[in-house]
Structure formats: structure tokens, C-alpha cells
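A short write-up of the structure that comes next.
Structural data, given as C-alpha cells:
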């Protein structure tokens, strides 16, 4: 939540830079690889208060993030890079 709070004003730009847009060759849809795709990711389960989950969902919609996970990972990556 600290990462989201610290980066919420930049999330649209951060997501644009971190999210590869699908392209089509006319037959297949492909997603271009981004540098962070090579990183190893783990799964983390969280228990959040419902107002906090609603706030994350609102940020997801506002910034057109592909998923909550993408939103949180992007915010956390930027937050940790500044530290």
C-alpha cells in the first residue's frame, strides 16, 4: 500500500512503460517482451480490508491497469527503485 500511495500520481505513465501492448500479424495476437518479463516473480497472498481493496480496484480502473497484480507490481517496482 505504501508503494501505491507513493506512486499513484505516476501510475498511468509507469503502467504504459511496463505494459506491452498486444500486436497482431493478422492471424495471431502477440505480446512483446519487456525487460521485466525476464525477472523471477513469486506469489504473495495478502489479506486486505475491503476499503483498501476497493481503493486498489479504483486505481486499476482509473489507470487502466490490466490487473490488480500488474498495478501493484508496477507500483512496487518503481517504489523500490527510488529507495
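Numbering (this note's numbering), first residue to last: 69 to 151.
C-beta: ideal position from N, C-alpha, C; glycine also.
Being a predicted model, the structure only gives us computed values, none of them experimental.
Return the chain-ordered list of same chain residues with a C-beta closer than 8 Å to the C-beta of residue 128, the five sequence neighbours on each side being excluded.
Its chain contains 135, 136 and 139 as the residues whose beta carbon lies nearer than 8 Å to that of residue 128, once the 5 sequence neighbours on both sides are disregarded; these appear in chain order.
If contacts are defined as beta-carbon pairs under 8 Å, then residue 79 and residue 143 qualify, I think. What distance do you get, rounded to the angstrom?
Right, the Cβ-Cβ distance comes to about 6 Å (below 8 Å), so this counts as a contact.
State the DSSP-derived secondary structure class of residue 134, mapped to helix, strand or coil.
It is coil, neither helix nor strand.
Please list the terminal residues of the continuous beta strand (DSSP E) segment that includes residue 92.
Segment 90-92, the beta strand (DSSP E) holding residue 92.
For residue 115, which of helix, strand or coil comes out of DSSP?
In the structure shown, residue 115 sits in coil (DSSP, three-state: anything other than H, G, I, E or B).
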